[in-house]
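Undergrad:
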Amino acid sequence: MIMIEFGGDGMNEQSPEQRDSIQEVLARINEDLSCFIRQELEVHDGEQTVQKDFGEMRWDAAFGVVQPINCWEAHQCGKSDCPAHGNITERCWLVAGTLCNGRVQGELASKFKSCQSCNIYKEAHDQPVRSLLENIHVLVVHLQGKARKLHELSIRDGLTGLYNRRFFDEVINHQIVSARRQSMGLALLAVDVDKFKTLNDQFGHQAGDQVLVDIAQLLQDATRSSDLIFRMGGDEFLILLTQLADRSLNEVLSRIEGAVERWNSVDHGMEWKMGLSLGPAPVDSDDIEHALARADEAMYAHKAKKRVGRVG
1 MIMIEFGGDG MNEQSPEQRD SIQEVLARIN EDLSCFIRQE LEVHDGEQTV
51 QKDFGEMRWD AAFGVVQPIN CWEAHQCGKS DCPAHGNITE RCWLVAGTLC
101 NGRVQGELAS KFKSCQSCNI YKEAHDQPVR SLLENIHVLV VHLQGKARKL
151 HELSIRDGLT GLYNRRFFDE VINHQIVSAR RQSMGLALLA VDVDKFKTLN
201 DQFGHQAGDQ VLVDIAQLLQ DATRSSDLIF RMGGDEFLIL LTQLADRSLN
251 EVLSRIEGAV ERWNSVDHGM EWKMGLSLGP APVDSDDIEH ALARADEAMY
301 AHKAKKRVGR VG
């Protein structure tokens with residue numbers, strides 16, 4: 001039995017809600033895959049013919065895949081409502097998906113059912129070997145889309161929607177190389193929420209979760225789209241500041257502090273003021289752990305200064 005699974009460290013780092021979402025997507029993929037295989041085994045039982053030419057399909061030996069031809073044009077197909085109509089990389093009936101037990105599989109297939117009445121679609125499905133290969137192609141496209149969704153789920157924090165620690169580990173080396181190539185500065189900014197435990201204890205975890213969501217939005221509004229923001233866990237965030245050649249760290253810090261002041265000027269229905277301890281550190285070598293340690297040290301130093309009233 002063919003099964004697609006997702007596990008390892010990436011799965012362990014997800015929240016229960018994220019793991020449930022991933023498992024739900026996997027269940028749908030495996031259902032479609034099993035259904036597809038059952039149907040094709042019934043239709044093509046014992047068929048093991050291999051062809052190098054499939055009429056409107058070509059076998060690309062270099063990549064080991066079946067490449068579709070724009071037969072919508074060759075057959076002058078008039079199904080203009082089909083999303084692949086006029087697309088040179090897909091056949092107009094490709095989105096019709098796999099028929100299994102009388103129902104259409106796939107999101108696009110359900111939306112564009114008119115493709116099933118297309119003469120090209122019918123012609124292709126009258127030829128068993130080509131039908132098998134084309135359905136496999138449809139399945140591959142479908143699974144690629146699901147794989148992208150799974151990857152997105154695996155690198156996002158379930159509460160705030162920010163990137164998680166796993167994605168930081170995945171991209172940091174590339175970001176260092178890219179910054180050097182472009183002669184752009186790169187820095188880390190550790191962010192920790194002050195008195196967050198007090199907030200949870202006095203007003204509950206639901207209020208704490210809402211504050212974390214607000215902070216995530218606040219940090220996104222105060223930084224550039226080229227910067228990457230991560231929730232590292234609990235009330236700890238990390239910002240990877242890119243393209244520092246035309247701006248300073250102080251500018252970024254001022255924007256964040258101003259955003260915190262604006263948040264505190266609004267009545268949120270609780271006697272708690274937001275405070276963020278910030279720890280900037282340049283990334284000037286390949287030793288990312290050293291840079292992370294420096295950012296943490298700077299953040300704790302900032303927190304200590306605020307406790308004795310020397311800062312804000």
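Quick note: the sequence shown uses full-length UniProt numbering, first residue 1, plus one each step. Note that beta-carbon positions come from the ideal geometry of N, C-alpha and C, so glycine has one too.
1) Going by C-alpha to C-alpha distance, which of Thr223, Val213, Gly258 and Ile176 sits closest to Gly158?
2) How is the beta strand (DSSP E) around Glu271 delimited, first residue to last?
3) Tell me whether Arg156 is buried or exposed, calling it buried when 16 or more other Cβ atoms sit within 10 Å of its Cβ.
4) Is DSSP giving Gly258 helix, strand or coil here?
5) Does the segment 179 to 190 come within contact of the segment 236 to 254, defined as at least 3 CB pairs closer than 8 Å?
6) If Asp221 sits next to Lys303, beta carbons under 8 Å apart, how far is it from one beta carbon to the other, in whole angstroms?
7) Can you check whether the CB of Arg165 is closer than 8 Å to the CB of Met232?
8) One question on the structure: do Ile229 and Leu162 come within less than 8 Å of each other, judged by their Cβ atoms?
9) Taking the alpha-carbon of Met299 as reference, which of Val191, Asp201, Asp286 and Phe167 has the nearest alpha-carbon?
10) Can you list the beta strand (DSSP E) stretches of 3 or more residues lying completely in the segment 162 to 203, in chain order?
11) Using the rule of at least 16 other Cβ atoms within 10 Å of the residue's Cβ for burial, across every protein chain shown, is Leu41 buried or exposed?
12) Just checking my contact of Trp272 with Phe203 at CB under 8 Å: how many whole Å lie between their CB atoms?
13) Rounded to whole angstroms, what is the Cα-Cα separation between Ser226 and Pro280?
14) Assuming Arg224 is part of the alpha helix (DSSP H), what are its boundary residues?
15) What would DSSP say about Glu297, mapped onto helix, strand or coil?
TA: From the atom records:
1) To locate residue 158, count along the sequence shown from 1; it is residue 158. Per the Cα distances, Val213.
2) As a working note, residue 271 is residue 271 in the sequence shown. Looking at the DSSP string, Glu271 is not in any beta strand (DSSP E), and its letter there is neither H nor E.
3) Residue numbering aside, residue 156 sits at position 156 when the sequence shown is read from its first letter. When all chains shown are included, Arg156 counts as buried.
4) Reading the sequence shown from its first residue, position 258 is the one you call residue 258. The answer is helix: DSSP assigns Gly258 an H, G or I state.
5) yes
6) Your numbering for residue 221 matches position 221 in the sequence shown. Your numbering for residue 303 matches position 303 in the sequence shown. In fact, because the Cβ distance is near 23 Å, the residues do not count as touching under 8 Å.
7) Taking the first residue of the sequence shown as position 1, residue 232 is located at position 232. Taking the first residue of the sequence shown as position 1, residue 165 is located at position 165. Met232 is a Cβ neighbour of Arg165, given a cutoff of 8 Å.
8) As a working note, residue 229 is residue 229 in the sequence shown. As a working note, residue 162 is residue 162 in the sequence shown. Taking 8 Å as the Cβ cut-off, Ile229 and Leu162 qualify as a contacting pair.
9) Mapped onto the sequence shown, residue 299 falls at position 299. The candidate whose alpha carbon is nearest that of Met299 is Val191.
10) 187 to 193
11) Taking the first residue of the sequence shown as position 1, residue 41 is located at position 41. Low confidence applies here, because Leu41 scores a pLDDT of 42, under 50, leaving its location unreliable; read the following figure in that light. Result: exposed.
12) One-based indexing of the sequence shown puts residue 272 at position 272. One-based indexing of the sequence shown puts residue 203 at position 203. Confirmed, about 7 Å.
13) Within the sequence shown, numbered from 1, the residue matching residue 226 stands at position 226. Within the sequence shown, numbered from 1, the residue matching residue 280 stands at position 280. If I take the Cα positions, the gap works out to 17 Å.
14) As a working mapping, residue 224 is identified with position 224 in the sequence shown. Premise fails: Arg224 is in no alpha helix (DSSP H) and is neither H nor E.
15) Taking the first residue of the sequence shown as 1, we reach residue 297 at position 297. Correct three-state label for Glu297: helix.
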